[in-house]
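**Q** Residue 72 in numbering that gives the first Met the number 0 sits at position 73 of the sequence shown, with consecutive numbering throughout.
Each residue gets a CB set at the ideal place from its N, CA and C atoms; glycine is no exception.
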Amino acid sequence: MSKENQYRITVEQINPDNVAAQPLQFEFQDREDLFKLVENLKKGSGLPESEATILSVGLRLLGPLMMQNRKHPLFIDFMPHFKTFMQNLKTTIKSALS
């Protein structure tokens, strides 16, 4: 049995008027260590660090959601492309880190 990691994501709008906007906040569980994934993508993707961070978090939010709903009409056409993308990404990262 794998250990679930608990995460909280907070999104706050930054605006020049310093008007307080209501933040968007949610929690999720993931079997993967998100911080380790971010570091590996920063080191091995060839992307700037900020973009690697965004990609890591985005993929860990989207991937499990798609897997849970893989037969849903929203995801059914995209799923094969996502799978190919993830396989290529993992191969790229492994090669860069070894």
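Could you tell me whether the stretch 68 to 78 touches the stretch 43 to 54, where touching means 3 or more Cβ pairs closer than 8 Å?
**A** With the cut-off at 8 Å, the stretch 68 to 78 and the stretch 43 to 54 do not touch.
**Q** Could you round the C-beta distance between Gly43 and Ile13 to whole angstroms and report it? I think they count as a contact, below 8 Å.
**A** About 29 Å separates the two Cβ atoms, so there is no contact after all.
**Q** Compare the beta carbon distance of Leu32 and Tyr6 with 8 Å and say whether it is the shorter of the two.
**A** Looking at the sequence provided, one finds Asp at residue 32 rather than Leu. Result no, Cβ atoms of Asp32 and Tyr6 do not sit closer than 8 Å.
**Q** What whole-angstrom Cβ distance do Phe27 and Leu60 have, given they're in contact under 8 Å?
**A** Yes, Phe27 and Leu60 are in contact; Cβ-Cβ is about 7 Å, under 8 Å.
**Q** From Asn87 to Phe34, what distance separates their C-alpha atoms?
**A** 21 Å
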